[in-house]
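Residue numbers (our numbering), protein chains in the order written: chain A, 1 to 220; chain B, 1001 to 1220.
Protein chains: 2
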Amino acid sequence: MLNDPMVLTPISDAPQAEPEKRVRDRGATEKAILNAAKALLAEEGFQNFGINAVARKTGCDKQLIYRYYGGLNGLVDAIGADLGTWVKDRIPEDTGGMFLLTYGDLMERLSLLFLQALRDDPLMRRIVAWEVSENTEQVRRLSEARSKALANWLERMRGSLTPPKGVDAVAVNAILIAAIQHIVLSASAGGQCAGLALKTPKDWEKAETALKRIVRGVYG
Amino acid sequence: MLNDPMVLTPISDAPQAEPEKRVRDRGATEKAILNAAKALLAEEGFQNFGINAVARKTGCDKQLIYRYYGGLNGLVDAIGADLGTWVKDRIPEDTGGMFLLTYGDLMERLSLLFLQALRDDPLMRRIVAWEVSENTEQVRRLSEARSKALANWLERMRGSLTPPKGVDAVAVNAILIAAIQHIVLSASAGGQCAGLALKTPKDWEKAETALKRIVRGVYG
DNA sequence: TTTATTTGTCACTCATCGGTGAGTAACAAC
DNA sequence: GTTGTTACTCACCGATGAGTGACAAATAAA
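So, in C-alpha cells, the structure goes:
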C-alpha cells in the first residue's frame, strides 16, 4: 500500500518529451553500456572515465554496469575484446595499388597507414595516451589487446619480405611506431610536437615526408 | 575557554616520532611546497596531483598553497619556471670528448643524450605524459616551458653545423624527439614498446643501436 | 492466476575532492 | 607588558567519486 505508484502517475501527465519505450532487453542494454563507454573514453579521455560517467552517458543506472560487467574492470576488458578487431576495421589490407617489392616499400606504406589510422581514431588515441600515463591492471589488459592486434597486423602484412641484413627490425620498428604514436598524440593534445606545427594538412604532409625519409633511411 | 587546546595535549603525550621543529619561515615553507609538488608529480603522476595531495605531502595546510601560490595553477607555474633549468642541469653540454664534424654526428649524440636524460628524470617523464594526455591551461604552460628549454638546448648545441640539403630538419627532429619520448614513456609505464622489451640494459642497448641507425639513416 | 526470475531504479553510505572563512600561535614594534 | 602583523591550522561546505542493499516492474514459469 505504501508508495503505491498509481498515486504518483498524475504528477507526470504533462506531455512527456521522451516516452522512450525502453524495452527490457539485457543484450541491448549491455551493448548500450559498452558503446557509451567507448564513446566516453574517446571523447573525454581516461581522466573522467568512471562508473558514474558511463552510467550517465548510457542513461541507465550504474548498478547495471556492476551486474553485467562486474564493474569498471570488466567493462574495460570488454572494450579490450573489441579492440582485436580494430586493425581489421581501421587499416586497409590492400597495398593501395602499389607493388611492395622491398621491406622499405612495405614499412613506408605501413607507417603511413598506421599514422592515418591513428589520426582517425580518437578511441585508440586515448588508449595509447592511457598506456603511457599509468600502469594499472585495467590499462595493462587494454594495452595487451592492442599490442597483440598490432603485431598480428604487422606480421600479416609483412608477407615474405624480410628486413635488410644486420638491421634489428623489431627495435627499429618499435621506434618508428613510438614516433608515430607520439606525434599523433602530441598533435591531438596540443597541435604541435617539438616545435613542429601539426594542424593543417600541409603540416601533416611535412611530417609524412619526414617519416618516409626516416623509414627509407634505415630500410632503403 | 571552549576548545582550550591544553586539554587535548595529554592525548598526544606518546613519544612523538617527529617533533619536527617547524620554524615559522615562509620562504622555507614555499620551497617545501614546491619540492613536495615536484616529488609528488614525479612519483604519482598527474592522476592524483591536487591541492589536497600536495598539502598532505608537504605536511602543511592546503590553505598555504592558496596563499603562497594562488592555488594549483600558480604552483604548476612555479614548477614550470624551474623547468627552464632542467636541460642545463640534466644534459651535459660537452660532447663527451667526441668531435662532432657533421650534423649526423651531432644528432646521434643529442638523441642519445636526450634519451638518457629523460630516462633519468621521472618528473620530466610525467610531464611529457601529461602533455599528451590532456590539454588544460596548466599543462599548456608546463609544456611551453619544457619545449622552449629543449629548443634552446638544441639550438645551442647545433653550433654552426647545418643539416644536409633537402632534409626538413625541424620535421625530422620532431619525429626523432617524439620517438625518444614515447619509447621512454612506454618503457616506464609497461617495460616495453610495440613488442620490444625495455627493461634490462641489454634491451636499451638494442634500442639505442636502432636509434643511432635511424639517425644515421636520415642524416648520414 | 500465482509465483519466480530477470531487468531496471532508487536511496543510501563512505570517502575524497577543491575551496573558504574563521580562528590560533609566533614574532616584531612599541 | 600590549598591539598588530605574519605564518599557520582547523572545521566546515557543496560536489562528486565508487560501491551496495532494497525495492518496483516486466516477463517467464508454474
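From the three backbone atoms N, C-alpha and C, an ideal C-beta is built for every residue, glycine too.
- Item | Residue of VAL184/A, TYR103/A, LEU112/A and THR29/A minimising C-alpha distance to ALA55/A | THR29/A
- CB contact check: SER186/A to chain B, cutoff 9 Å: yes
- Message: Please state whether the Cβ-Cβ distance between ARG146/A and VAL132/A is less than 9 Å.
- Response: no
- So with Cβ pairs under 9 Å, would you call LYS1038/B a contact of chain A? Cβ-Cβ to chain A under 9 Å: no for LYS1038/B.
- Message: Distance check for GLU93/A and ILE1177/B, CA to CA, integer angstroms please.
- Response: 30 Å
- Task: Taking only the alpha-carbon atoms, compute the straight-line gap between VAL215/A and LEU1185/B and give it to the nearest angstrom.
- Result: 22 Å
- Task: Just tell me which of GLU144/A, MET157/A, GLY80/A and PRO122/A has its CA closest to the CA of LEU285/A.
- Result: Because chain A here runs from 1 to 220, residue 285/A falls outside it and cannot be looked at.
- From GLY1195/B to VAL170/A, what distance separates their C-alpha atoms? 7 Å
- Message: Could you tell me the alpha carbon to alpha carbon distance between GLY71/A and LEU1106/B, rounded to whole angstroms?
- Response: Computed Cα separation, rounded: 52 Å.
- Terminal residues of the alpha helix (DSSP H) in which PHE1114/B lies: Here the alpha helix (DSSP H) through PHE1114/B covers 1103 to 1120.
- Message: Short of 8 Å in beta carbon distance, which residues of its chain neighbour LYS1021/B, apart from the five on each side in sequence? Order them along the chain.
- Response: Confidence is the limiting factor: at LYS1021/B the pLDDT is only 47, short of 50, which leaves the residue's position unreliable, though a coordinate-based value still follows. Cβ within range, chain order: n/a, list empty.
- So, are the CB atoms of ALA1037/B and ALA1078/B less than 9 Å apart? Contact: yes.
- Item | Inter-residue spacing [alpha-carbon to alpha-carbon] between ARG1125/B and LYS165/A | 34 Å
- Check distances from the C-beta atoms of the segment 78 to 112 of chain A to those of chain B and list, in chain order, the residues that come in under 8 Å. none
- List the whole-angstrom C-beta distance separating GLU1137/B from ASN1073/B, where the pair is believed to meet the contact cut-off of C-beta under 8 Å. About 7 Å separates the beta carbons of GLU1137/B and ASN1073/B, which is inside the 8 Å limit, making them a contact pair.
- Inter-residue Cα distance where the pair is GLU144/A and TYR1219/B: 35 Å
- Could you check how far apart the C-beta atoms of LEU211/A and ILE1183/B are, in whole angstroms? I think they sit under 8 Å. Their Cβ separation, rounded to whole angstroms, is 16 Å, which puts LEU211/A and ILE1183/B out of contact at 8 Å.
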